[in-house]
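Going down the list, the protein sequences come from chains A and B.
In terms of the working numbering, the first sequence opens at residue 1 and continues consecutively.
In terms of the working numbering, the second sequence opens at residue 83 and continues consecutively.
Glycine included, each C-beta is placed from N, C-alpha and C at the ideal position.
Only a predicted model underlies this, so the values are computations on that prediction, with no experimental measurement involved.
First up is the structure itself, then whatever we jot down about it.
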Amino acid sequence: MTEDQVKQIVIDIINEIAPDEDTSGIKSEVNLRDQMDLDSMDFLDIVMELRKQHNIEVPEEDYPQLASLDSCAAYLTPKFNA
Amino acid sequence: MVTLPAYFMHQSRIVITGLGLTSPNGNSLEEYRKNLLDGVAGIQMIDMRYMGKVPAGVCSFDPKKHQTRKELRVGTRAGSIAIYAAREAIENSGLDFENYDKSRIGVYVGTTEHGNVETENEVYNISKFDYDTRFWTHHHNPRTVANNPAGEITINMGITGPHYTIGAACAAGNAGLVQALQMLRLGEVDLALAGGVSESIQSFGIFAGFKSQGALGTHESDVNKTSRPFDKTRNGIVVSEGGAIYVLERLEDAQARGANIIAEIVGYCINSDASDYVLPNPERQAECMKKALKVAKMKPEDVDIVNTHATSTPMGDIQECKAIKEIFGHSPTTYVNNTKSFIGHAMGAAGALELAGNLPSFEDNIIHPTINVEELDEECAMPNLVINEPLKVDAVKVILNNSFGMLGINSALIVKKFED
């Protein structure tokens, strides 16, 4: 799985958990919370959907790795390919 | 003898200045009232997890009218119903809400139960993951705390005054209004959003519990005849969702802002049977109505409409009729009706919603009937029971609204047409 595919997976999850947000112009390098109205519960939703849909576990100490799409891709791609 | 401080003795008059609702047969007071006068019930068959088809009252309001899609995803159905009714109530009240001090508003929402729906959903969810609790949602606790529906109103509307729910089984709608009245009289708040809500139709446990108890209603051919209080063939409750939230204010405040005053709450009582978990107690119910009359400084003859709690169970309806006959049996001008025959039993919303359906009688002097009575049970026969067809009278000035619940909680609320 490529980093771009992983980014798309994260965007799909965000579309599901934050349906009022427009993710079309999302900037990969910018923190998600700086460009969208996401709170800590939303990030827990992202973690839950990664677990449910893709059997990917994100331990609490790694939550900061989900800050931006780029950091998500860097952190999650090896897990998807493991 | 205990001497109360003067402010406890000062009984401010408390008035209704706004109302919002959703019921299985109407998403506004106008639509709801029209259907009550036209004999239009709102019951349908729904799929219930583990049980198959069951009759239920379902509301069709548009939740997106007052909530974002994210709020709807995170919140509860009870919260959504509460928000819809509260927003509509504020709009109806004509209050300049934007500029009103939100810290002086209290939110008091009656609920029969809360959390069953959300917990059942999560147990079902983790059953798909071999009961691995890592898949249990972090939304569970904020969804299931008992204050949830009231709290969702405050978040949606930016209200920073007190909020909580009043758990009072199926007397909760009235209990929410009583709580608000008391808080206004104590000066704790200047305006209250109060009433009751229910999301119970999403809980199989509520239906299965009534079924095990032999109290879940059925009808062989017409779902809209399932809820039939006082009919000889009645066989149980139809569970419904819904909500009614009122704007309540002290009279002087309402007049100062030039509010349209819909009615005044003049009497109330909440008491307990102290006798059984489920079976009602007509002696205590009668005491409850008598005490409410005493608070209102009224005689039975002063009451024009008694809106019954009767839920269409064989025993419960008879017990309430006994209590009503004891007090109103000799009052030629008191009429008796029932709203559950149209909308089923909206549980925590029942008292507030049923009162709402009768408030327009102050304007049109028409009493909506109890419908679906094909053969009146002689044990429920009462003078002036308004059956199947609406009744026009000379004047309706006072309504007594009964709501009773499990564990033996009784409530009677007396509402009067406003006269300065």
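Are any of the Cβ atoms in chain B nearer than 9 angstroms to that of A/K79? At a cut-off of 9 angstroms, the C-beta of A/K79 has no neighbouring C-beta in chain B.
My understanding is that B/G287 touches B/G318, with C-beta atoms under 8 angstroms, so please give their C-beta distance in whole angstroms. Wrong, their Cβ atoms sit about 16 angstroms apart, outside the cutoff.
So, helix, strand or coil for B/A276, using DSSP? B/A276: strand per DSSP, three-state reduction.
Please confirm if B/M83 has its CB atom under 9 angstroms from at least one CB of chain A. Legend: pLDDT at B/M83 = 48, less than 50; position of this residue unreliable, value from coordinates given subsequently. Any Cβ of chain A closer than 9 angstroms to the Cβ of B/M83 would place that residue at the interface, and such an atom is absent.
Less than 8 angstroms between the CB atoms is what I'm expecting for A/E21 and A/D39, so what's the real figure, rounded? The Cβ separation is near 12 angstroms, so there is no contact.
Is there a Cβ from chain B that is less than 9 angstroms from the Cβ of A/L76? Among the residues facing chain B, A/L76 is not included, as its CB has no counterpart in that chain under 9 angstroms away.
Run through DSSP, which three-state label would B/C351 get? Note: B/C351 maps to strand in three-state DSSP.
Residue range of the unbroken alpha helix (DSSP H) whose run includes A/D12: Counting along the chain, the alpha helix (DSSP H) containing A/D12 begins and ends at 3 to 17.
Could you name the residues of chain A that B/R151 contacts, counting a contact when the two beta carbons are closer than 8 angstroms? Simply P19, D20.
Expressed to the nearest angstrom, what Euclidean distance is found between the alpha-carbon atoms of B/E445 and A/L44? Distance from the CA of B/E445 to the CA of A/L44, rounded to the nearest whole angstrom, comes to 52 angstroms.
Is any beta-carbon of chain A found at less than 9 angstroms from that of B/H41? For chain B, the structure presents residues 83 to 502; residue 41 of chain B sits outside this window and is missing.
7 angstroms CB neighbourhood of B/R310 in its chain, flanking five on each side removed: Counting only Cβ-Cβ distances below 7 angstroms, and skipping sequence neighbours, we find R316, S394, S423, N454, V455.
First and last residue of the beta strand (DSSP E) that includes B/S485? Counted as a single uninterrupted DSSP element, the beta strand (DSSP E) harbouring B/S485 occupies residues 480 to 487.
Less than 9 angstroms between the C-beta atoms of B/L458 and B/I469, yes or no? Yes, Cβ-Cβ distance for B/L458 and B/I469 is below 9 angstroms.
Cβ contact (3+ pairs, closer than 8 angstroms) linking the stretch 160 to 173 of chain B and the stretch 339 to 358 of chain B: Contact between the stretch 160 to 173 of chain B and the stretch 339 to 358 of chain B is absent, because fewer than three Cβ pairs lie under 8 angstroms.
For B/A138, which beta-bridge partners are listed by DSSP? Per DSSP, the beta-bridge partners of B/A138 are B/Q126, B/V321.
N- and C-terminal bounds of the alpha helix (DSSP H) containing B/H222: Its alpha helix (DSSP H) spans residues 222 to 226.
Looking only at its own chain, which residues have a Cβ that is under 8 angstroms from the Cβ of B/M83, when we skip the five neighbours before and after it? Unreliable placement is indicated for B/M83, whose pLDDT of 48 sits below 50; the coordinate value is still reported in the next sentence. Spatial neighbours of B/M83 in its own chain (CB-CB distance under 8 angstroms, excluding positions within 5 residues in sequence) are not present.
Pick from A/A82, A/A73, A/N81 that is closest to A/I9, judged by C-alpha positions: Comparing alpha-carbon positions, the option among A/A82, A/A73, A/N81 lying closest to A/I9 turns out to be A/A73.
Length-filtered (3 minimum) beta strand (DSSP E) runs lying within the stretch 183 to 225 of chain B: With a minimum length of 3 residues, the continuous beta strand (DSSP E) runs that stay inside the stretch 183 to 225 of chain B are 187 to 193.
Going along the chain, which residues of the stretch 220 to 245 of chain B sit with their C-beta nearer than 9 angstroms to a C-beta in chain A? The stretch 220 to 245 of chain B vs chain A, Cβ under 9 angstroms: H220, H221, P224.
Where does B/A477 sit, in a helix, a strand or coil, going by DSSP? Coil.
Hey, would you say the C-beta of B/T452 is under 8 angstroms away from at least one heavy atom of the ligand ZN? Ligands in the displayed structure: none, and consequently the ligand ZN is not present.
Name, please, each residue of chain A whose Cβ falls closer than 7 angstroms to the Cβ of B/R216. Going along chain A in sequence order, the residues near B/R216 (Cβ under 7 angstroms) are R51.
Taking contact to mean 3 or more Cβ pairs, one atom from each stretch, closer than 8 angstroms, check whether the stretch 464 to 481 of chain B and the stretch 242 to 252 of chain B are in contact. Under the three-pair Cβ rule at 8 angstroms, the stretch 464 to 481 of chain B does not count as touching the stretch 242 to 252 of chain B.
To the nearest angstrom, how far is the alpha carbon of A/Q5 from that of A/L69? Roughly 11 angstroms separates the two Cα atoms.
Are the CB atoms of B/E383 and B/T415 nearer to each other than 9 angstroms? For B/E383 and B/T415, yes; Cβs fall inside 9 angstroms.
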